[in-house]
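Participant: Under our numbering, residues 35 to 300 are what the sequence shown spells out, in order. Note that beta-carbon positions come from the ideal geometry of N, C-alpha and C, so glycine has one too. Quick caveat: nothing in here was measured; it's all calculated off a predicted structure.
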Amino acid sequence: MKASPHERMVVDVEYAVADGERLLLDLYIPEGSGPHPVSLWVHGGAWLFGDRCSGATSFAAALAERGVAIASIDYRLGEAGAFPASIDDVRAAVRWLRAHGARHGLAIARIGAWGASAGGHLSLMAALDPRVGAPGDRIDAVVDFFGPTDLVARLARTELEREILPDPPDARYLRTTVKTLDRNWARAASPLYQHLDQAPPTLIVHGDRDQQIALDQSLRMHQALVAAGRDSQLIVLGGAGHEDVRFQQPWVLDATAAFLRHHLTG
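1) Count the other CB atoms within 10 Å of the CB of K36; is the residue buried (16 or more) or exposed (fewer)?
2) Determine the contact status of A80 and S157, defining contact as a CB-CB distance below 9 Å.
3) Look at the Cβ atom of G360, then the Cβ atom of H70, and state whether they are nearer than 9 Å.
4) Going by CA-CA distance only, name the one from V186, R125 and L215 that's closest to Q251.
5) Determine the burial state of L298: buried for a count of at least 16 other Cβ atoms within 10 Å of its Cβ, exposed for fewer.
6) Terminal residues of the continuous beta strand (DSSP E) containing D85?
7) Whole-angstrom Cβ separation of I173 and I145, contact assumed at under 8 Å?
8) Terminal residues of the continuous alpha helix (DSSP H) containing Y207?
9) By alpha-carbon positions, which one of R196, A205 and R188 ends up nearest to L226?
10) Once you ignore the five residues that flank Q267 on each side, which residues in its own chain have a CB closer than 6 Å to its CB?
11) Out of curiosity, what's the CA-to-CA distance linking D171 and E195?
12) Identify, in the order they occur along the chain, each residue of the same chain with its Cβ nearer than 6 Å to the Cβ of R191, setting aside the five sequence neighbours on each side.
13) Please state the DSSP three-state secondary structure of L215.
14) What is the rounded straight-line gap between the Cα of D288 and the Cα of V51?
15) Does DSSP put T299 in a helix, in a strand, or in coil?
16) Quick check: G101 and A291, are their CB atoms within less than 9 Å of each other?
17) Applying the 10 Å Cβ sphere with the 16-neighbour rule, what's the burial state of L57?
18) Nearest-angstrom Cα distance between Q3 and D108?
19) If you drop the 5 nearest sequence neighbours on each side, which residues of the same chain put their C-beta closer than 8 Å to that of K73?
20) Given a cut-off of 9 Å, decide if S120 and R129 are closer than it, judged by their beta-carbon atoms.
21) From which residue to which residue does the beta strand (DSSP E) around G149 run?
22) Which of the three DSSP states is assigned to R56 in this structure?
23) Please report the residue range of the alpha helix (DSSP H) in which S252 lies.
24) With DSSP as the reference, label R42 as helix, strand or coil.
25) When you compare each of F93, P182 and L162 to G154 by their alpha carbons, which one comes out closest?
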């Protein structure tokens, strides 16, 4: 993919090796000397598919055109990336940016994470994970596009539903089934049930016609963050379904870029 006149690209950068798998990222860097505010882009795909090119043109390149550098990352998928491995990958990408971002003209004192669907979940979890202890792991702002936040609720079934409905991808991500679900394990993998009193500023964007991840997942996350005294903003897109083109509207991208610039540049 060719860079637009408003961006430069650095591609195929190895940011970590996990269980023998090389994890790569692409940098979308705004024109100018910088230092530029920087955020991860974490693609969706039900924790099973997708790659760092997923959404790159619509989202990563669009933010670079708006003055925010984006590191679009791969992470482990499927069995290899099951909870909590893929969260560890996101945190490894943050550490790489803090160690190497300055040489690419990036402002590394504050780093954001932005993701869609499963990528929104991973962005939130990487920011809220209680295992985060080192300053290099810190995420300073999160943008969540329609990510699942309560895996317990998403895996809840009546007895009849457990017999006739297929397991959703969440069960595979947790290496379980709805019939054998450990609720504590599902809570541990859910942003909603983390300690939120130190959560970074968060922007949540969700469509009110989403048939894959209920709007209630984002509403409850926003309400919990506000109740914890944290900075949370919620945008509900009327008429938008899951992965809807309405999320690519210029004003939505403008709002996302403005949110990240504000919280990453201070």
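Facilitator: This is what the structure holds:
1) Locating residue 36 in the sequence shown gives position 2, where the first residue counts as 1. At K36 the pLDDT is 42, less than 50, meaning the model places this residue with poor confidence and gives no usable figure here.
2) Numbered from 1 along the sequence shown, position 46 holds the residue referred to as residue 80. Numbered from 1 along the sequence shown, position 123 holds the residue referred to as residue 157. Taking 9 Å as the Cβ cut-off, A80 and S157 do not qualify as a contacting pair.
3) Outside the modelled stretch of the chain, which goes from 35 to 300, sits residue 360, for which no answer is possible.
4) On the sequence shown, residue 251 is found 217 positions in, with the first residue counted as 1. Closest option to Q251, Cα to Cα, is V186.
5) Counted from its first residue, the sequence shown places residue 298 at position 264. In this structure L298 is buried. Its beta-carbon is surrounded by 16 or more other beta-carbon atoms within 10 angstroms.
6) Counting from 1 along the sequence shown, the entry for residue 85 is found at position 51. Neither: D85 is in no beta strand (DSSP E) and is coded neither H nor E.
7) In the sequence shown, residue 173 corresponds to position 139, counting from 1. In the sequence shown, residue 145 corresponds to position 111, counting from 1. At roughly 6 Å, the Cβ-Cβ gap stays under 8 Å, so I173 and I145 are in contact.
8) In the sequence shown, residue 207 corresponds to position 173, counting from 1. Segment P203 to Y207, the alpha helix (DSSP H) holding Y207.
9) Working through the sequence shown from its first residue, we reach residue 226 at position 192. Of the residues R196, A205 and R188, the one whose Cα lies closest to the Cα of L226 is R188.
10) In the sequence shown, counting from the first residue as 1, residue 267 sits at position 233. Here the set comprises L237.
11) Start at 1 with the first residue of the sequence shown, and residue 171 comes out as number 137. Start at 1 with the first residue of the sequence shown, and residue 195 comes out as number 161. When the Cα atoms are used, D171 and E195 turn out to be separated by approximately 40 Å.
12) In the sequence shown, counting from the first residue as 1, residue 191 sits at position 157. Counting only residues of its own chain and dropping the five nearest sequence neighbours on each side, R191 has a CB closer than 6 Å to the CB of V212.
13) The sequence position of residue 215 within the sequence shown is 181, counting from 1. Looking at L215 - three-state DSSP - the assignment turns out to be coil, as it is neither helix nor strand.
14) As a working note, residue 288 is residue 254 in the sequence shown. As a working note, residue 51 is residue 17 in the sequence shown. Answer to the nearest angstrom: the Cα atoms are 34 Å apart.
15) To locate residue 299, count along the sequence shown from 1; it is residue 265. Assignment of T299 by DSSP, reduced to helix, strand and coil, places it in the helix class.
16) Against the sequence shown, residue 101 aligns to sequence position 67. Against the sequence shown, residue 291 aligns to sequence position 257. A291 is positioned such that its CB atom lies closer than 9 Å to that of G101.
17) Position 23 of the sequence shown, counting from 1, holds the residue named residue 57. By the 10 Å Cβ count, L57 comes out buried.
18) Outside the shown range of the chain, which is 35 to 300, sits residue 3, and nothing can be said about it.
19) Here residue 73 refers to the residue found at position 39 when the sequence shown is read from its first residue. Here residue 73 turns out to be Ser, not Lys, going by the sequence shown. So the qualifying residues of the chain are L97, V102, A103, I104, A105, I145, G146, A147, W148, A175, V177, L294 and L298.
20) Stepping through the sequence shown from its first residue, residue 129 is reached at position 95. Stepping through the sequence shown from its first residue, residue 120 is reached at position 86. Between R129 and S120, the C-beta spacing is not below 9 Å.
21) On the sequence shown, residue 149 is found 115 positions in, with the first residue counted as 1. DSSP places G149 inside the beta strand (DSSP E), whose first and last residues are L140 to A150.
22) Numbered from 1 along the sequence shown, position 22 holds the residue referred to as residue 56. R56 falls in the strand class under three-state DSSP.
23) Within the sequence shown, residue 252 is the residue found at index 218, counting from 1. S252 -> alpha helix (DSSP H) spans L249 to A261.
24) Translated into positions along the sequence shown, residue 42 becomes position 8. The three-state secondary structure of R42, taken from DSSP, is strand.
25) One-based indexing of the sequence shown puts residue 154 at position 120. With distances taken between Cα atoms, G154 lies closest to P182.
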